[in-house]
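Below is one structure, written out as structure tokens; comments come after it.
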Amino acid sequence: MKHFHEIEQKGLLWVNVTKQGEKELDELGSRFNFQKADLNECLPPFQRPKMVKRAGYYFLVLHFPLFDRGSRRVRFTEIDIFLNPNYLVTVHDGQLPTMRQFFEECSAKPEVRAQFFSGTMAQPLFELLSRLLDSVMPSLLHINEDINAVDQKLFTETSDRAMAGEILRLKTNIVTFRRTMQGHRSVLERLLTNGDKDLMLGSYQANFNALREAETEIWHTLESQKESIYALHETNESVLSYRSNEVMKFFTIISVVTLPLTLMASMFAIRAPSTPFVENPVGFWIIFGIVFLVAIATLAVFKKRKWL
1 MKHFHEIEQK GLLWVNVTKQ GEKELDELGS RFNFQKADLN ECLPPFQRPK MVKRAGYYFL
61 VLHFPLFDRG SRRVRFTEID IFLNPNYLVT VHDGQLPTMR QFFEECSAKP EVRAQFFSGT
121 MAQPLFELLS RLLDSVMPSL LHINEDINAV DQKLFTETSD RAMAGEILRL KTNIVTFRRT
181 MQGHRSVLER LLTNGDKDLM LGSYQANFNA LREAETEIWH TLESQKESIY ALHETNESVL
241 SYRSNEVMKF FTIISVVTLP LTLMASMFAI RAPSTPFVEN PVGFWIIFGI VFLVAIATLA
301 VFKKRKWL
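All residue numbers in the sequence shown are consecutive under the numbering used here, ending with 308.
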């Protein structure tokens with residue numbers, strides 16, 4: 001399978017590498033003279049988000065979330081970017097449909113290439129990042145739907161273990177999402193601050209502002225989701241505690257009611273000559289009646305004190 005894909009328009013080049021392998025990275029190093037340290041960071045495991053300025057290019061590392069429909073968990077993938085006024089090199093594992101779609105659109109439609117392959121390669125990069133951020137929103141909406149579903153089931157769900165597991169899954173997804181997105185703003189801000197005039201970043205200020213707004217919206221949504229899921233977690237803990245207290249209360253009442261009855265039954269079982277009602281023909285029923293009345297009186301006291 002071919003893992004190198006290229007688009008060239010008027011001296012501007014986009015190389016899209018869909019496999020993070022040593023062979024592919026060695027080829028990039030030979031062709032573009034990238035530093036070995038930067039190429040090594042393209043290999044798994046994932047690196048932290050970053051932006052560094054090198055001689056002749058900029059190296060960016062960004063993470064983007066992925067939603068696994070099978071496990072219903074959020075994970076993330078890494079995109080490594082080499083940016084120069086005349087070329088853009090993207091290295092990733094091919095798991096982002098938005099990137100593939102944009103590359104194919106640029107490859108197949110001359111009018112799209114004419115729109116984005118002008119000026120410097122910062123323009124298609126900003127468009128790519130904008131589309132990738134837009135593609136994040138459906139996953140955020142899916143998490144919102146899951147939070148709303150947990151909220152509705154919280155006081156009706158009979159399986160405490162299932163509810164606790166669902167809340168834990170949502171908390172993990174939100175934490176992973178936040179960890180994935182938290183480096184974007186700092187990376188782009190550093191690119192804007194350190195970018196040379198040859199990138200013509202001032203010409204793309206509107207694109208950059210749109211990226212800022214998208215990141216802010218995503219982050220505010222994640223903050224809201226974090227507060228919501230932690231509130232649901234605390235509420236669920238309170239519900240579990242209340243149910244546990246009710247169970248303990250029930251068994252405590254049973255113990256308190258049966259303790260005097262057990263004591264009375266033990267005393268009458270001694271069968272000493274002075275034990276009342278033992279020799280009476282209906283002594284059993286008299287003793288049973290006394291025990292029954294004591295139980296009723298105990299329950300009446302609990303009811304009056306609103307312990308039941």
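All residues carry an ideal CB built from backbone N, CA and C; glycine is no exception.
Task: L125 versus L168 - alpha carbon distance - done: As a first step, residue 125 must be located in the sequence shown, where it is residue number 125. As a first step, residue 168 must be located in the sequence shown, where it is residue number 168. Near 36 Å, if we compare the C-alpha coordinates of L168 and L125.
Open item on the list: Taking 7 Å as the threshold (C-beta atoms), are P85 and F177 in contact?
Closed with: If you number the sequence shown from 1, residue 177 lands on position 177. If you number the sequence shown from 1, residue 85 lands on position 85. Not closer than 7 Å, so no.
TODO: Could you tell me the distance, in whole angstroms, from the CA atom of T216 to the CA atom of D26?
DONE: Along the sequence shown, read from residue 1 onward, the residue named residue 216 stands at position 216. Along the sequence shown, read from residue 1 onward, the residue named residue 26 stands at position 26. Distance between the alpha carbons of T216 and D26 is about 37 Å.
Task: CB-CB length for T98 against L141, believed under 8 Å - done: Counted from its first residue, the sequence shown places residue 98 at position 98. Counted from its first residue, the sequence shown places residue 141 at position 141. So it is not a contact: roughly 16 Å between Cβ atoms.
- [ ] Determine the extent of the beta strand (DSSP E) in which H63 is found, giving its start and end residues.
- [x] Translated into the one-based positions of the sequence shown, residue 63 becomes position 63. Its beta strand (DSSP E) spans residues 57-68.
- [ ] May I have the straight-line CA-CA distance separating Q101 from A108, to the nearest angstrom?
- [x] As a first step, residue 101 must be located in the sequence shown, where it is residue number 101. As a first step, residue 108 must be located in the sequence shown, where it is residue number 108. Approximately 10 Å, taken between the alpha carbons.
TODO: Report the residue from T193, F67, K249, R185 whose alpha carbon sits nearest the alpha carbon of I218.
DONE: Numbered from 1 along the sequence shown, position 218 holds the residue referred to as residue 218. Residue R185 is the option with its Cα nearest to I218.
- [ ] Determine the contact status of L201 and L192, defining contact as a CB-CB distance below 7 Å.
- [x] Counting from 1 along the sequence shown, the entry for residue 201 is found at position 201. Counting from 1 along the sequence shown, the entry for residue 192 is found at position 192. Result yes, Cβ atoms of L201 and L192 sit closer than 7 Å.
TODO: With a threshold of 16 other CB atoms inside 10 Å of the CB of A214, please say whether the residue is buried or exposed.
DONE: For the purposes of this step, residue 214 is taken as the residue at position 214 of the sequence shown. With 16 or more Cβ atoms within 10 Å of its Cβ, A214 is classed as buried.
- [ ] With DSSP as the reference, please indicate the residues paired to M51 in a beta bridge.
- [x] Within the sequence shown, numbered from 1, the residue matching residue 51 stands at position 51. Answer by DSSP bridge pairing, in chain order: L60.
TODO: Could you check the C-alpha separation between E237 and G56 for me, to the nearest Å?
DONE: For the purposes of this step, residue 237 is taken as the residue at position 237 of the sequence shown. For the purposes of this step, residue 56 is taken as the residue at position 56 of the sequence shown. Distance between the alpha carbons of E237 and G56 is about 56 Å.
TODO: Give a yes or no on whether 7 Å exceeds the smallest Cβ distance from F59 to chain D.
DONE: Going by chain labels, chain D is absent from the structure shown, which holds only one protein chain.
- [ ] Answer yes or no: do H3 and K19 have a C-beta to C-beta separation smaller than 7 Å?
- [x] Walking along the sequence shown from the start, residue 3 turns up at place 3. Walking along the sequence shown from the start, residue 19 turns up at place 19. Yes, these two residues count as a Cβ contact at 7 Å.
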